[in-house]
Structure formats: structure tokens, C-alpha cells
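In UniProt numbering, the protein residues as written are 1 to 190.
From the three backbone atoms N, C-alpha and C, an ideal C-beta is built for every residue, glycine too.
What follows is a single structure, written as C-alpha cells, with notes after it.
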Amino acid sequence: MQLNRLVNFHKTLGDKTRIQIIALLKNGSLHGQAIAGKLGLTPPTISHHLAKLRDINLVYQRREKNTIYYHLDEKKLEIMAAAIIKVGGEVEMDPFKVEDQEKYKVIQNFFTDDGKLKTIPAQRKKKLIILEYLASKLNVGVIYSEKELNEFIKQYHEDFATIRREFIMCHFMHRENGMYQLNPEEMWLI
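Printed below as a string of C-alpha cells:
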């Protein structure tokens with residue numbers, strides 16, 4: 001997820017009716033007419049707001065016979081709400097002391113004793129673990145130029161362009177006008 005998606009998420013929630021819909025859906029699924037009745041609004045107005053909430057994947061729908069029920073993705077709400085707190089915070093993680101044994105083994109297998117990355121894993125799951133490890137060495141809130149980021153990556157592997165691109169594609173970092181910034185951990189594809 002890009003930092004822009006976090007901003008878009010919070011912009012979408014910046015509406016009283018949408019917050020009321022979320023509050024209603026926290027108590028269980030409802031169909032559009034029920035939501036309209038509880039809020040005293042017209043069904044088209046509710047449809048508009050539900051579409052906005054679906055666009056940010058906060059609400060999903062299920063059809064039962066001729067009725068569409070709307071459900072709140074509470075996990076997504078928690079993750080996105082927590083992500084804003086992490087912006088500008090410090091990342092404190094030493095993956096070599098990580099409690100997850102699987103991640104620890106991957107890191108040990110792909111790094112030399114002097115901290116160099118032997119190869120970039122082809123398997124996506126392992127690649128994400130390696131990218132997470134490298135990203136944890138960067139500082140949250142710091143804006144890196146492309147040259148600075150390349151120099152950082154070169155400390156670990158010579159193919160800085162591939163790793164830099166993977167940082168963006170896997171949402172570890174956000175790029176804007178040639179400048180790079182670490183995303184909050186909740187946004188990483190891990």
C-alpha cells in the first residue's frame with residue numbers, strides 16, 4: 001500500500017454519514033434500506049456512501065436472495081487506523097533476533113556472516129522476508145534521495161535497482177518525485 005492509499009482512506013472517512021455507517025455495521029451486517037432507515041437518509045445517498053467505503057475496501061457486500069447485505073471489514077479498519085500512528089515513528093527491529101524462526105532461517109540462509117545478501121530470493125514469501133529485513137534498517141520519516149537509497153542498498157547487494165523497485169512494488173516504500181520514504185509497517189506486504 002502506498003502512503004497515498006493511507007491518505008485516501010482517512011479522507012474517505014472524513015464524512016459524518018460514513019462514520020455513522022461504520023458504527024452501524026460494527027454491530028453486524030445490514031442491507032441498504034435498513035441503513036437508510038436508521039440514518040433517516042434516502043437509499044441513493046446510502047448507496048453513494050457505501051460505494052466510497054467499498055472503494056477503500058472497508059465494506060464488502062454479500063447477496064442473499066434478492067437482498068445485498070453490507071459487512072464491515074473490522075480487521076482492515078484496525079490496521080489502517082493503527083498505520084497513521086506509525087507514520088513518523090521509529091522502527092525498532094533486529095531481524096537477526098526475530099522470534100519468528102521461519103524468518104530467522106531465511107535471513108540466515110540468504111545473508112553472509114558479514115551481512116551481504118547472497119542472492120535475491122525468487123520465491124515471493126522469502127523475498128518479502130528479505131525486503132522486510134532490509135527495510136527495517138531504514139529510518140521511518142526520513143526522506144531518501146534515489147542516490148542515498150542506492151548507496152544504502154549497495155551495502156547489502158549490488159543490484160540496487162531491483163531491490164529499490166521491489167521496495168516500491170511491495171509497499172515498503174513510497175516514491176514521489178524521485179524521493180523515497182519508508183511506509184509504516186502496517187502497509188508492508190508481509
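Distance CB(residue i)-CB(residue j) smaller than 7 Å
{"i": "M173", "j": "Y180", "result": "yes"}
{"i": "L117", "j": "Y156", "result": "yes"}
{"i": "Y60", "j": "H31", "result": "no"}
{"i": "L149", "j": "R164", "result": "yes"}
{"i": "T12", "j": "K75", "result": "no"}
{"i": "K126", "j": "V106", "result": "yes"}
{"i": "F110", "j": "I130", "result": "yes"}
{"i": "L6", "j": "A81", "result": "no"}
Which of helix, strand or coil DSSP assigns to residue i
{"i": "Y60", "result": "strand"}
{"i": "T112", "result": "coil"}
{"i": "Y144", "result": "strand"}
{"i": "E176", "result": "strand"}
{"i": "L41", "result": "coil"}
Length of the line joining the Cα atoms of residue i and residue j
{"i": "F152", "j": "H48", "result": "46 Å"}
{"i": "L72", "j": "T162", "result": "37 Å"}
{"i": "D55", "j": "V142", "result": "30 Å"}
{"i": "D114", "j": "Q108", "result": "11 Å"}
{"i": "T45", "j": "P184", "result": "34 Å"}
{"i": "A36", "j": "P43", "result": "5 Å"}
{"i": "K147", "j": "N66", "result": "57 Å"}
{"i": "R124", "j": "N4", "result": "24 Å"}
{"i": "A23", "j": "H171", "result": "29 Å"}
{"i": "P95", "j": "K137", "result": "Bear in mind that the predicted position of P95 carries a pLDDT of just 46, short of 50, making it unreliable; the figure below should be weighed with that in mind. Roughly 9 Å separates the two Cα atoms."}
Contact belief for residue i with residue j at Cβ below 8 Å, rounded distance in angstroms
{"i": "L77", "j": "L58", "result": "6 Å"}
{"i": "F167", "j": "A122", "result": "Not really, about 17 Å apart at Cβ, beyond 8 Å."}
Boundaries of the alpha helix (DSSP H) in which residue i is found, first to last residue
{"i": "Q20", "result": "16-25"}
{"i": "E132", "result": "124-135"}
{"i": "E166", "result": "160-169"}
Span of the beta strand (DSSP E), counted from its first residue to its last, around residue i
{"i": "T67", "result": "67-72"}
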